[in-house]
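**Student:**
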Amino acid sequence: MVKKFSVGSWKLSSLTPKKVSLSLFILFVVFGLLILPSFGLHWDEIYQRPYGEAVYNYVLKGDTGLLTHGERYHGPLFEFLLVTGERMLKLEDFRTIHLFRHLCTFLLFCGGLAALYQLAKRMLKSPWMALLAPAFLILQPRIFAEAFYNTK
0 MVKKFSVGSW
10 KLSSLTPKKV
20 SLSLFILFVV
30 FGLLILPSFG
40 LHWDEIYQRP
50 YGEAVYNYVL
60 KGDTGLLTHG
70 ERYHGPLFEF
80 LLVTGERMLK
90 LEDFRTIHLF
100 RHLCTFLLFC
110 GGLAALYQLA
120 KRMLKSPWMA
130 LLAPAFLILQ
140 PRIFAEAFYN
150 TK
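Take the sequence shown: its letter number 70 is residue 69 in numbering that gives the first Met the number 0, and every next letter is one higher.
1) Hey, residue 130 and residue 116 are a contact pair by Cβ (cut 8 Å); roughly how many whole angstroms apart?
2) Among 72, 39 and 37, which has the Cα closest to the Cα of residue 54?
3) With DSSP as the reference, label residue 91 as helix, strand or coil.
4) Out of 15, 20 and 13, which one is the CA nearest neighbour of residue 134?
5) Spatial neighbours of residue 14 within its chain, please: C-beta separation below 7 Å, excluding the five flanking residues on both sides.
6) Determine the closest residue to residue 108 out of 99, 150 and 30, with distance taken between C-alpha atoms.
7) Alpha carbon to alpha carbon, how far is residue 82 from residue 89? Give it in angstroms, no decimals.
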């Protein structure tokens with residue numbers, strides 16, 4: 000007979016993979032939001048934002064400067080969305096713009112983690128083992144740091 004461990008009204012047997020994964024995900028997002036202002040500029044951010052502006056100007060204003068831009072071979076969609084959001088929110092302060100960019104990049108990474116977990120759960124057929132996939136990704140220091148500023 001298996002005994003159920005309990006502390007007060009909390010029972011270990013009530014921990015489901017769904018509750019654990021959701022709790023860990025929320026904890027990660029909150030932690031990320033708390034440390035988000037700590038990240039400075041990455042060396043290629045000074046190239047990415049002007050690239051986003053070139054994409055924005057090409058799409059909405061017909062400016063052909065994008066066709067000769069040095070970063071033109073990198074994916075334009077996310078950069079376009081960042082500049083569009085920046086313009087919609089009327090952000091003008093350098094720090095505010097980059098905090099906004101870091102926030103959006105981090106939230107996209109979080110969405111990727113959620114998708115990775117779902118994919119691992121489907122492939123491994125074990126929600127507990129699937130938790131390892133995003134955990135291994137998060138625990139890589141370089142990937143964790145780039146989750147805040149690398150839009151590529």
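From the three backbone atoms N, C-alpha and C, an ideal C-beta is built for every residue, glycine too.
**Tutor:** According to the structure shown:
1) 7 Å
2) 72
3) coil
4) 20
5) none
6) 150
7) 10 Å
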